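Colleague: Heads up: the sequence shown begins at 170 in this note's numbering, then just goes up one per residue.
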Amino acid sequence: MENILQQLSLCIERGKVNKVSNYPADMKDLPGAIELTRQALDQGISAKDVLNSGFLPGMKIVGEKFKNGKIFLPEVLISAKAMSSAMELLKPYFHSGEISYKGKVIMGTVSGDLHDIGKNIVKMVLEGGGWQVIDLGTNVSAEKFINSINSESVKVVGLSALLTTTMQNMKEIVHRIKTETNDVIVIVGGAPLTKEFADSINADAYFSDPQGMLDFLNQKIIL
Ligand code: B12
């Protein structure tokens, strides 16, 4: 069992989607994340073990390598593709309740801002870490965040901004979330932000990379 889950983890880390994919070249013709997930489930390995000992360790390595500058954006995207393709096979187990997410997080790019590449990467890394992400997309207003927090009963929100102008909208959105909802943790990120700015708008935390947010959620938050 350990062997197949280690192979699965490696496929996710290296971005090997399935047997027919030629990437990465040194894994050509080997089974990929999809085949190994199917094989593990067919062998009677529980979906929970496949998730916890196959998917999560692979994406954890990816998140850490990206944080430390050892890999770059394209590699993260390829790993995320391997993970999300194989994750399709686990979906029925989430629906049946056999496996559950660690918790739910709302993500969105703030009003006026259409940049979503960074936000989408954060989303993929969080999903790869076992969190369910409700993605509100781009140009998201305070109302939309607040409505979603209430209707989905979510306690963590991640806001992204890429423009120095829309950073200012973030201030208003954080303020409204803090005053119009109860005990919601607001995490902010995006290239122009700093920890000082995050503190000045009363955000609960700032991270420059997805792994920082994932580590924070895993360590600090029990939902
Ligand atoms: C791609 C891009 C676009 C694309 C966006 C496509 C898309 N779907 O996202 C398009 C062409 C639409 C675009 C439009 C504009 N852009 Co633009 N764009 C960029 C560009 C080249 C890359 C941004 C990017 O995706 N980076 C890669 C991602 C992975 O990085 P990231 O977003 O920072 O995310 C990482 C971290 O910050 C963090 N993170 C991000 N969000 C969050 C959230 C949380 C909670 C956490 C924890 C972490 C986190 O994790 C991510 C992964 O590590 C940058 C320049 C540059 N090289 O950065 C300009 C840039 C951001 N754009 C700029 C500008 C000015 C514009 C426009 C105003 C141009 C115009 N005159 O029309 C418009 C604005 C449109 C709008 N209303 O939003 C300026 C901003 C300048 C400023 N000071 O504000 C930049 C810096 C270019 C420049 N040098 O002038 N842009």
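We treat Cβ as the ideally placed atom computed from N, Cα and C, and that holds for glycine. Predicted, not measured: the structure shown is a model, and the values here were computed from it.
1. Pick helix, strand or coil for Ser240, following the three-state DSSP scheme.
2. Taking the straight line between their C-alpha atoms, what separation do you get for Arg345 and Ala360?
3. Out of Thr206, Gln208, Val189, state which residue places its alpha-carbon closest to the alpha-carbon of Leu199.
4. Quick check on Asp195: does DSSP put it in helix, strand or coil?
5. Measuring from the CB of Ala360, is there a heavy atom of the ligand NAD at a distance below 7 angstroms?
6. Is any heavy atom in the ligand B12 found nearer than 7 angstroms to the beta carbon of Asp384?
7. Starting from Thr278, trace the beta strand (DSSP E) in both directions and tell me its first and last residue.
8. I want to check one thing, is the minimum distance from the CB of Pro226 to the heavy atoms of the ligand B12 below 7 angstroms?
9. Run through DSSP, which three-state label would Ile370 get?
10. Using a Cβ-Cβ cutoff of less than 7 angstroms, which residues in the same chain neighbour Leu392 once the five nearest sequence positions on both sides are dropped?
11. Closest by CA to Phe224, which one among Asn237, Gly213, Phe235, Ala209?
12. Mind checking whether the beta-carbon of Leu283 lies closer than 7 angstroms to any heavy atom of the ligand B12?
13. Could you tell me whether the Cβ atoms of Ser253 and Lys288 are closer together than 8 angstroms?
14. Nearest-angstrom Cα distance between Ile173 and Leu205?
15. Looking at the ligand B12, does it come within less than 7 angstroms of Phe241, judged from the CB to the closest heavy atom?
16. In chain order, which beta strand (DSSP E) runs of at least 3 residues are fully inside the segment 309-349?
17. Just how far apart, CA to CA, sit Gly297 and Lys229?
18. Given this structure, state the Cα-to-Cα distance separating Asp368 from Ser377, to the nearest angstrom.
Modeller: Reading it off the structure:
1. Note that residue 240 is Ile in the sequence shown, not Ser. Ile240: coil per DSSP, three-state reduction.
2. 23 angstroms
3. Val189
4. helix
5. The ligand content of the structure shown is limited to the ligand B12, which means the ligand NAD is not among them.
6. no
7. 273-278
8. no
9. coil
10. The pLDDT assigned to Leu392 is 49, lower than 50, so where the model puts this residue is not dependable; a value taken from the coordinates is nonetheless given after this. Once the five neighbours on either side are set aside, the close Cβ partners of Leu392 are Gly272, Lys324.
11. Ala209
12. yes
13. no
14. 7 angstroms
15. no
16. 325-329
17. 8 angstroms
18. 14 angstroms
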